[in-house]
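Contents: one structure, followed by commentary.
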Ligand SMILES: [Zn+2]
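See below:
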């Protein structure tokens, strides 16, 4: 290493970089540019930490994201703990938590992976990456499953008057850490370790002959690059509060919309969520997404008003068509965590009441053909039709009447949904309308009862999460399931 008292070029270069970092947000002022620069700063740290491995140490790693990812998870959990007041952690030091976590995992995994260099190292690092990825789905308690762990980055007291809510403050935090990491990583290349990393990269045998252990050099480089990757991860969690604010506003508008949704019956400007056949699953997914977003962002008030809006309009947010499908989506994607929300408990009870009222007991099989009906036509034919419908024995009735009367009967049957089919017998004049009573209504009730049975099962599964709060409902739901299990269509 050459000795130079003052490296003017280096000072100029670093000074210029610092000035560019400081001035950039004054030149690019849009919030998009700020968000972009925050991302860039984070990625610079991550890329340079990768350069420590591949560029300086000649180690091709496919699992480097592990260290920044785990660092990020640790940072988020630390932030949540700080939010609960369990630890004291100024937000600017949060990346350091990520860094220390990255270092710790670097030590842990690096000990295993750096025993070999070259292709072997690359393959093992790939394996470690896959392993950690699998763990993310296996331990939803820590990793939060696919949705991740949510947090509020504006916790605790402002640090030196900085709350890190506004994006500009986040930017300068990232810029500070980015510059500090760049300097530290550059300085590392000037140390004996940095030099030996180059030597091990270029010729491990020779490095070993000189008296260095290439494995230890690789190990140290990996652990240290894990540290910097962890810092990048810890910074990456700091999304700007403006983005959160935008999502909050959108959710507010969505909830307001919910309160104003009307059915086709209320009004002719409607958003028909109530269409029973096709809209069900879609509406369920939409409701689930809305509730999940609100809960993840800790917008409890909005979540409560959304739930209240859904409760107030059972015609639109049908418990069977929207709510239970939404519950099952939430349960699948979120685990049982959301069950602790008070608003969710209300929705669950509401759905349970609805389903119990309809299908706590199996539909009674009809014992005769009596199908009493109400409709308002006073003509003689309709009177005859009513009598036929109410008759417990007569299953088929023939109306030998003129064309207009036949059409009138047909439209009456159709409009009132009488449980009978009607055919025209084209013999003689006038022709005959043959009405035959059917069991369609009972059959569709049976189908409804069957599908309610599977909804009861979803409800029971969810209800276990708060069994102490809804003991009566849960017991009735459970016995409805047992009853449905032994039930056969008896027509
Ligand atoms: Zn009539």
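Residue numbers (the numbering used here): 19 to 509. The beta carbon of each residue, even a glycine, is placed where N, CA and C say it ideally should be.
With distances taken between CA atoms, residue 463 lies nearest to 437 out of 244, 437, 449. Residue burial annotation: residue 314 is buried, with at least 16 other C-beta atoms found within 10 angstroms of its C-beta.
The C-alpha of residue 454 is placed about 5 Å away from the C-alpha of residue 439.
Membership of residue 393 in any beta strand (DSSP E) is not indicated, and neither H nor E is assigned to it by DSSP. Taking the Cα of residue 480 as reference, the smallest distance to any Cα among 398, 465, 377, 370 is reached at 370.
Annotation for residue 399 indicates a beta carbon within 7 Å of some heavy atom of ligand 1. In this structure, 248 is the residue among 445, 248, 376, 311 with its C-alpha nearest to the C-alpha of residue 94. For residue 417, the beta-bridge partners assigned by DSSP are 451.
Less than 8 Å divides the Cβ of residue 77 from the Cβ of residue 139. Residue nearest to residue 336 within the set 29, 409, 184, 470 is 470 (criterion: CA-CA distance).
Residue 485 has its alpha-carbon roughly 12 Å from the corresponding atom of residue 496. The segment 359-375 and the segment 390-407 do not touch, with fewer than 3 CB-CB distances between them shorter than 8 Å.
The closest heavy atom of ligand 1 lies less than 7 Å from the beta carbon of residue 426.
Put simply, the backbone Cα of residue 157 is about 12 Å away from that of residue 149. Contact between residue 142 and residue 131 is confirmed by a C-beta separation of about 5 Å, below the 8 Å threshold.
DSSP places residue 487 outside both helix and strand once states are collapsed to three, so it counts as coil.
Here residue 48 is not bridged, per DSSP, to any residue. The distance from the Cβ of residue 211 to that of residue 110 is about 28 Å, inconsistent with a contact at the 8 Å cut-off. For the set 198, 235, 196, the Cα lying nearest the Cα of residue 215 is the one of 235. Judged by DSSP secondary structure, residue 439 falls within the beta strand (DSSP E) whose first and last residues are 438-443. Shortest gap from the CB of residue 430 to any heavy atom of ligand 1: under 7 Å.
When the Cα atoms are used, residue 322 and residue 349 turn out to be separated by approximately 18 Å. Separation of the CB atoms of residue 67 and residue 246 is rounded to 4 Å, and the pair is thereby assigned contact status at 8 Å. Of the residues 376, 187, 269, 251, the one whose Cα lies closest to the Cα of residue 40 is 187. Here the distance from the Cβ of residue 453 to the nearest heavy atom of ligand 1 is not below 7 Å. Contact between the segment 303-310 and the segment 325-344 is present: three or more C-beta pairs spanning the two stretches fall below 8 Å. Burial check for residue 446: the Cβ neighbour count within 10 Å stays below 16, so the residue is exposed. Following the DSSP letters along the chain, one finds residue 129 inside the alpha helix (DSSP H) bounded by residues 112-131.
The beta carbon of residue 107 is closer than 8 Å to those of 96, 97, 99, 100, 115, 174 in its chain, skipping five residues each way along the sequence. A Cβ-Cβ contact shorter than 8 Å links residue 253 with residue 60. Relative to ligand 1, the beta carbon of residue 464 is positioned no closer than 7 Å to any heavy atom.
Taking 8 Å as the upper bound for CB-CB distance, residue 373 and residue 338 are in contact here, some 7 Å apart. If you look at residue 339, you'll find it isn't in any alpha helix (DSSP H); DSSP assigns it neither H nor E. Comparing alpha carbon positions, the residue from 310, 388, 51 closest to residue 460 is 388. Within its own chain, the residues whose Cβ lies closer than 7 Å to the Cβ of residue 312, once the five positions on either side in sequence are excluded, are 269, 320, 321, 324, listed in chain order.
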